[in-house]
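These notes are about the structure you will find just below.
Protein chains: 2
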Amino acid sequence: MTGTPLADGQLPPFENDYHPAWLPTAAFAPVGCRRLALAAEDPHDDAVLRTLAAELAEACATHGGAVVAPHDDPDLLLRLATGRLDGYRVVRRHGRVVVTAATPTALLHGWFHVVRTGEAAFSAPDGSPAEDTDERHAPSSDLRMLDHWDNVDVHPVMGQVERGYAGGSIFYDDGVVRADLSRVTAYARLLAAIGIDRVCLNNVNVHAREARLLTADLPDVARLAAALRPYGVRAHLAVSFAAPMTLGGPATSDPLDPDVRAWWRDAADRVWSAVPDFGGFVVKADSEGQLGPFAYGRDHADGANLLAEAVAPHGGLVHWRAFVYDHTQDWRDRSTDRARAAHDHFAPLDGRFAPNVIVQVKHGPLDFQTREAVSPVLAAMPRTRLALELQVTQEYTGQQQHVCYLGPWWSEILRFRPWGEAPGPDGGAPVTVADAASGRGPGGLGGGFAAVSNVGDDRFWTGHPLAQANLYAYGRLTWDPELDATAVLDEWISLTFPACSPRLRAALHAIMDDSWRTYERYTAPLGVGFMVSPLRAHYGPDVDGYEYSKWGTYHFADRDGVGVDRTRATGTGYTGQYPAPWRDVYESLGTCPDELLLFFHHVPYSHVLHSGSTVIQHIYDTHFAGVEEVEAMAARWEEVVDEVPDGVAARVRERLAEQRRSAVEWRDQVNTYFFRKSGVPDARGRTIY
Amino acid sequence: MTGTPLADGQLPPFENDYHPAWLPTAAFAPVGCRRLALAAEDPHDDAVLRTLAAELAEACATHGGAVVAPHDDPDLLLRLATGRLDGYRVVRRHGRVVVTAATPTALLHGWFHVVRTGEAAFSAPDGSPAEDTDERHAPSSDLRMLDHWDNVDVHPVMGQVERGYAGGSIFYDDGVVRADLSRVTAYARLLAAIGIDRVCLNNVNVHAREARLLTADLPDVARLAAALRPYGVRAHLAVSFAAPMTLGGPATSDPLDPDVRAWWRDAADRVWSAVPDFGGFVVKADSEGQLGPFAYGRDHADGANLLAEAVAPHGGLVHWRAFVYDHTQDWRDRSTDRARAAHDHFAPLDGRFAPNVIVQVKHGPLDFQTREAVSPVLAAMPRTRLALELQVTQEYTGQQQHVCYLGPWWSEILRFRPWGEAPGPDGGAPVTVADAASGRGPGGLGGGFAAVSNVGDDRFWTGHPLAQANLYAYGRLTWDPELDATAVLDEWISLTFPACSPRLRAALHAIMDDSWRTYERYTAPLGVGFMVSPLRAHYGPDVDGYEYSKWGTYHFADRDGVGVDRTRATGTGYTGQYPAPWRDVYESLGTCPDELLLFFHHVPYSHVLHSGSTVIQHIYDTHFAGVEEVEAMAARWEEVVDEVPDGVAARVRERLAEQRRSAVEWRDQVNTYFFRKSGVPDARGRTIY
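Same order as they appear, the protein sequences are chains A and B.
Using our numbering, the first residue of the first sequence is number 1, and each one after it goes up by one.
Using our numbering, the first residue of the second sequence is number 690, and each one after it goes up by one.
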């Protein structure tokens, strides 16, 4: 390895000491054995086109095909066209494929589409040419981004990567940007293969060291951007609202102060001067200790627009997070409800944000719990560009020690209809969350998608090899929210385990398809959330872990019942933040879905669910079932380990053992806790300690 | 400040940027204004005698007296005599005082006795000569030691001082022994004034950096010993049982291995060669991750005797801690009881320890809780030298944020009669814990006293200025366990606040006398213990904080009752570790003291205490009362702040505010927790959240 960045058109070392993920050499065999061509005026003028040319050459060199001239009857022609075209077009005639796109990056995405499709792109199972087709593949939104909560310095509590469960950062190593960034380019390649084209390079909790990326360390940012650029991935930076003060500017960060505005304009000018294709800024303000506009009596529109004004001349974006709440709450004050906070703060500001501001909204009102209601903010700001924020890193879903395939959960969220069955704009189909984030909601404005990455410098990128599927699914489902999560998983299996036997494929589906619901079963019940250990950074059970804390999320379990009353009638009124029909569906015990019951209602342990079970028996049953399911996963893995590479087999085995241990811990603590409180014995007489 | 050690006979700078504690200049006025003499053959040959000479000179120079020849009618003559005499003798005739001792250190202790006594040493309140007297002041035991849990390196979790709440270490600063050790000498002076003459220099959890003190860094140990020596304080070291392996010796630490034995002998030889008056080793083995003899199938007698053999030629001691228990317990296994562990491990070894081994036993069976039963180990090993270990640092008693004067608690422990009213050896008075530790128990062997220090580099030494009283009381009460804790506090007040008004004295007594019981009231009830926050290093409430943890201490609270059944009849059998009468007193609900009820029994919330209250109402009442008492403390302090120096006034005020906040947090969490579980309302209708 050298410290030299890759030369343009030089590919990163794909077969390396880290796992190839969904791009093993074998995945390129169907294209690489054919005649490939690239048609573009002056392909050497563009970094992505040079990459594409190198990809074709590499695939052919490896698998026996040939790069030919566009007019020389290629099996696959990649063609850069002019004109307006979102995504890419795939035309197949007599088994020959032409992919057309209007930008090099879209053409690159089209190339990986063919790679993903594999042999089926060209031929039917019987060897005859595949059926003719003419498909247009446009992404749901042109903003699909990954946020890295990576620190440059190792943070004394949070480490190199905040909420990272896959080793250190691929960008930074203990205080400096890595000398060798070839792995960053390999990462960009993985992202390009799933359609992700924007990455935020640093933690939204911007500490002193990381703040300097905006100024003194711009050359480092330029190096990182250069490492991402060959695969069409643009760099964004998380910046501190306090930056003017901490980086030698004015002694205030007041967004209406002329000196502050000038400072940010200058800062933005310097950033784009160093990185001409820079994407923009990501901001966490007035949140968990980060400074924000509240300090100056301003609101979040003032704050966001300050930065928007600075980046606008460069076509830059501001991703402004709606994750604002009081994190110094008093548990004794039941009138405070953290779930209400984002809506309370942001809904009144609708229409006041500049056009290049994207308000980034966590999918639920709390913080990436295993199960949450969809955030009402997503339906409350038609005149604002809203991005849906997901969490690929498994902070609350097993921290990549547990198998927890999140695709089905994200599908539920993306397909959720915030206005129920009401017709969409112009009388069309009911609007989904994915529609709203993609500009097809009531206001016609979209902010796309963002998510916290689960990648680190771990050999398998994601700690748990099977957690790669979450990163894969995030890219695929945000490109096309209509995709079926299980089908996406199947794609991932085909790519990641080349020559996968039906037996292995069936085992992986059995282990992963329902793993999110399995995780839900053995952890916090019925949507109540946050029964996690503050001591172990949210890993493992602690039923009362946040019950008396300033962070403000409670279950209010007593000897009679459990759950948070968020109704308008008798609770915090949070249900009133939803439009119809959800404001009423959630308000009523008769219609509130079981899986969110305790998020919306405080009920007796004897309350009978729609499922027919009581709350207490449901808790016992799901916790016993969850552990049994984990045991079945582990057994299933043992049946197929001989079919997977040794390293993957061993790592997954080790993690399944930990998952079982942890699931038992969850089961026993949660069951014991509620048995001690309720006094109700398990109807099936199983052991509760 | 310079890096040069103090020259022999040069006093440390007493009035410095740190507080003088109980030795302010004014405390020396009664002696310093008189004619003083020191009688010893060749006083310049001994470091302590040189110190004593300097003390006399300094006192006289400051307060107008004179150092005179012994035959020149001094008001105070300090006389080194030959012969066997423990401690010192004080003879007063016609207002002239002669202090006689057999060793320089005992004579120094005698000097400070006169300083502590003040004007009353010489004259009656009416100015006439004080009554003639002839007193012998011998310490209860010749071993009175302070253990410092100081790390050389700042530990990533535990910091510079493990369980330290008074800033950094006075010995070390971030990886090195301090260049300027004058404050260490000032500390030794404070210790000499309360009769402490041994200090262990480092944390019993011996990490890699600290292990080197035993070998490569012996010159540093010698420097520290030299800084303590002028005041007659001897240095001990905590050593790792793994030392042979980690410090370049044999590849085993097996205590029966000849090479290991040779390695330890060599190591001891080098230590005593560097520090001829070195005291010995302190060892934590097979405990909380520290290696011990169990790793080799050996027992703790084998382990302790290994080190004892090595240090015996030098007259050295081995303090071997009995704090051995399984810290990876399964909370589901109710047959495991951490309280049993020390007795289970050590009692069977009685009689097998070498004569220079002292088994150091924590006062209670758990870990320095606010209230614990006295450890049954103290009554179980008549053929072993046992030391009683106390904790001056307030790990579980408010961490020096809370006023908590521990003198009364230690008095209870020291005066506890492990064999009840049974006559002592030779038919004498019933034996107390202090007797047993002092060699006046059944076997006639004593190991003295040890305690974890509460001192750091904080301006006030102990963080909370009033926590100085705990250090003071530890010295005084272990010198003479018959002293009354309130009288000792009064001594401390007189010295620390010279010219203390009756109003200030009364206020300090009102705030401090009962502060330990106040702390007990608003924290864990009825002896149950360990309801502390693991997240905040044992500070603040977390009722379930250890309920489901591997550390093994539980309250088993459910909707019906609370407490740990440690009876022989139905519980863990721990009561059987006590001799009569306690094995029966604790076994029976009818005789078990209220304050230990939940430590020994699991009872319904409706159980009626000897006090007449129910358990649940007792919890509510004490928690409300505790907060009210803290509020009264703060109000009382405000009445007298004008009489104390600004720095002390402000620091105490700030800590009282935090104590109030914390006490309210304790009250509300504990009350809410038990209200939610029991459903029993407060009989007095106060607010429970």
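For every residue, glycine included, the Cβ atom is placed at its ideal position computed from N, Cα and C.
Since we're looking at a predicted model, the values are computed, not measured.
Close-in-space but distant-in-sequence residues of the same chain around leucine 414 of chain A (CB under 6 Å, 5 per side omitted)
On the first sequence, position 414 is the one that residue 414 of chain A refers to. Answer for leucine 414 of chain A: Val433, Ala434, Pro481, listed in chain order.
Taking aspartate 839 of chain B as part of the beta strand (DSSP E), name the residues at either end of that continuous run.
Here residue 839 of chain B refers to the residue found at position 150 when the second sequence is read from its first residue. Note, aspartate 839 of chain B: beta strand (DSSP E), 839-844.
8 Å Cβ cutoff, lysine 1051 of chain B in contact with chain A
Indexing the second sequence from 1 puts residue 1051 of chain B at position 362. False, the Cβ-Cβ gap to chain A never drops below 8 Å.
Would leucine 1224 of chain B count as contacting chain A if we go by Cβ distances under 8 Å?
Counted from its first residue, the second sequence places residue 1224 of chain B at position 535. Leucine 1224 of chain B counts as touching chain A.
Are valine 650 of chain B and glycine 1252 of chain B closer than 8 Å when you measure CB to CB?
Chain B is shown only over 690 to 1378; residue 650 of chain B falls outside these bounds and no answer can be derived.
Contact defined as beta carbons within less than 8 Å: I believe glycine 724 of chain A pairs with proline 382 of chain A. What is the distance between those atoms, to the nearest angstrom?
No statement about residue 724 of chain A is possible, as the shown extent of chain A runs from 1 to 689 and does not include it.
Start-end ranges of the beta strand (DSSP E) lying completely within the stretch 712-767 of chain B, minimum 3 residues:
724-728
Please list, in chain order, the residues of the stretch 654-682 of chain A that have any C-beta partner in chain B closer than 9 Å.
Glu665, Asp668, Gln669, Thr672, Tyr673, Phe675, Arg676, Lys677, Ser678, Gly679
Hey, would you say alanine 1036 of chain B sits closer than 8 Å to proline 1054 of chain B, going by beta carbons?
Walking along the second sequence from the start, residue 1036 of chain B turns up at place 347. Walking along the second sequence from the start, residue 1054 of chain B turns up at place 365. For alanine 1036 of chain B and proline 1054 of chain B, no; Cβs fall outside 8 Å.
How should threonine 1311 of chain B be labelled, buried or exposed, when 16 other C-beta atoms within 10 angstroms of its C-beta is the threshold for buried?
Position 622 of the second sequence, counted from the first residue, corresponds to residue 1311 of chain B. Classification for threonine 1311 of chain B: buried.
Going by other Cβ atoms of all chains shown within 10 Å of its Cβ, with 16 needed for buried, is arginine 686 of chain A buried or exposed?
Working through the first sequence from its first residue, we reach residue 686 of chain A at position 686. Exposed.
Just mark valine 31 of chain A as buried or exposed, buried being the case when its beta carbon has 16 or more other beta carbons within 10 Å.
Reading the first sequence from its first residue, position 31 is the one you call residue 31 of chain A. Buried is the call here.
Are valine 1050 of chain B and alanine 1076 of chain B close, meaning C-beta to C-beta below 8 Å?
Within the second sequence, the letter at position 361 stands for residue 1050 of chain B. Within the second sequence, the letter at position 387 stands for residue 1076 of chain B. Closer than 8 Å, so yes.
Under a three-way DSSP split, which group does serine 494 of chain A fall into?
Residue numbering aside, residue 494 of chain A sits at position 494 when the first sequence is read from its first letter. The answer is helix: DSSP assigns serine 494 of chain A an H, G or I state.
Does the beta-carbon distance from valine 788 of chain B to arginine 773 of chain B come in below 8 Å?
Along the second sequence, one-based indexing puts residue 788 of chain B at 99. Along the second sequence, one-based indexing puts residue 773 of chain B at 84. Going by C-beta atoms, valine 788 of chain B is not nearer than 8 Å to arginine 773 of chain B.
If contact is defined by three or more beta carbon pairs under 8 Å, each pair taking one atom from either stretch, is the stretch 980-996 of chain B in contact with the stretch 942-949 of chain B?
yes
Does chain A have any CB closer than 8 Å to the CB of arginine 1021 of chain B?
As a position in the second sequence, residue 1021 of chain B is number 332, starting the count at 1. Yes, contact with chain A.
Spatially closest choice to cysteine 33 of chain A from A/Asp174, A/Cys60, A/Arg521, A/Ser662, by CA coordinates
One-based indexing of the first sequence puts residue 33 of chain A at position 33. It is A/Cys60 whose Cα lies nearest to the Cα of cysteine 33 of chain A.
Just how far apart, CA to CA, sit proline 43 of chain A and aspartate 217 of chain A?
Within the first sequence, the letter at position 43 stands for residue 43 of chain A. Within the first sequence, the letter at position 217 stands for residue 217 of chain A. Taking the straight line joining both Cα atoms gives about 32 Å.
Look up histidine 925 of chain B in the DSSP assignment and say whether it is helix, strand or coil.
Along the second sequence, read from residue 1 onward, the residue named residue 925 of chain B stands at position 236. Strand at histidine 925 of chain B.
Could you list the residues in the stretch 1243-1275 of chain B with a C-beta less than 9 Å from some C-beta on chain A, going in chain order?
Phe1245, Ala1246, Asp1247, Arg1248, Asp1249
Confirm, please, whether the CB-CB distance from alanine 1174 of chain B to proline 1097 of chain B is below 8 Å.
The residue given as residue 1097 of chain B occupies position 408 in the second sequence. The residue given as residue 1174 of chain B occupies position 485 in the second sequence. The answer is yes: Cβ separation under 8 Å.
Tell me whether glycine 1368 of chain B is buried or exposed, calling it buried when 16 or more other Cβ atoms sit within 10 Å of its Cβ.
Taking the first residue of the second sequence as 1, we reach residue 1368 of chain B at position 679. Counting Cβ neighbours within 10 Å, glycine 1368 of chain B comes out exposed, since fewer than 16 surround it.
Completely contained alpha helix (DSSP H) runs for the stretch 1287-1370 of chain B, where each covers 4 or more residues:
1304-1329, 1335-1367
With a cut-off of 8 Å on the beta carbons, I'd call lysine 1239 of chain B and histidine 1016 of chain B a contact; round off their distance for me.
Position 550 of the second sequence, counting from 1, holds the residue named residue 1239 of chain B. Position 327 of the second sequence, counting from 1, holds the residue named residue 1016 of chain B. Correct: roughly 6 Å between the Cβ atoms.
Cβ neighbours of aspartate 1146 of chain B in the same chain (closer than 6 Å, five flanking residues each side left out)
Within the second sequence, the letter at position 457 stands for residue 1146 of chain B. Taken in chain order, the residues that qualify are Gly856, Gly857, Ile859.
Output needed in chain order: residues of the stretch 284-307 of chain A with a Cβ under 8 Å from some Cβ in chain B.
none
Bridge-paired residues (DSSP) for glutamate 824 of chain B
Taking the first residue of the second sequence as position 1, residue 824 of chain B is located at position 135. According to DSSP, glutamate 824 of chain B bridges with B/Val779.
So is aspartate 544 of chain A in contact with chain B if we call contact Cβ pairs under 8 Å?
Counted from its first residue, the first sequence places residue 544 of chain A at position 544. With 8 Å as the cut-off, aspartate 544 of chain A counts as an interface residue toward chain B.
Taking Cβ-Cβ distances shorter than 7 Å, what residues in chain B pair up with tyrosine 548 of chain A?
Position 548 of the first sequence holds residue 548 of chain A. Under the 7 Å cutoff, chain B gives Gln1358.
Which value, in whole angstroms, describes the spacing of the CA atoms of phenylalanine 353 of chain A and histidine 602 of chain A?
Translated into positions along the first sequence, residue 353 of chain A becomes position 353. Translated into positions along the first sequence, residue 602 of chain A becomes position 602. Spanning the two alpha carbons is a distance of roughly 37 Å.
Using a 10 Å radius around the Cβ and a threshold of 16 neighbouring Cβ atoms, would you call histidine 94 of chain A buried or exposed?
Along the first sequence, one-based indexing puts residue 94 of chain A at 94. Classification for histidine 94 of chain A: exposed.
Contacts that tyrosine 689 of chain A makes with chain B (C-beta to C-beta distance below 7 Å):
Translated into the one-based positions of the first sequence, residue 689 of chain A becomes position 689. Those within 7 Å of tyrosine 689 of chain A in chain B are Arg1021.
Distance check for valine 850 of chain B and aspartate 842 of chain B, CA to CA, integer angstroms please.
Walking along the second sequence from the start, residue 842 of chain B turns up at place 153. Walking along the second sequence from the start, residue 850 of chain B turns up at place 161. Approximately 9 Å between the Cα atoms of the pair.
Going by beta-carbon coordinates alone, are leucine 1345 of chain B and alanine 1321 of chain B separated by less than 8 Å?
On the second sequence, position 656 is the one that residue 1345 of chain B refers to. On the second sequence, position 632 is the one that residue 1321 of chain B refers to. No, the Cβ-Cβ distance between leucine 1345 of chain B and alanine 1321 of chain B is not below 8 Å.
For the alpha helix (DSSP H) containing isoleucine 883 of chain B, list its first residue and its last residue.
Position 194 of the second sequence, counted from the first residue, corresponds to residue 883 of chain B. It is not in any alpha helix (DSSP H) - isoleucine 883 of chain B carries neither H nor E in the DSSP assignment.
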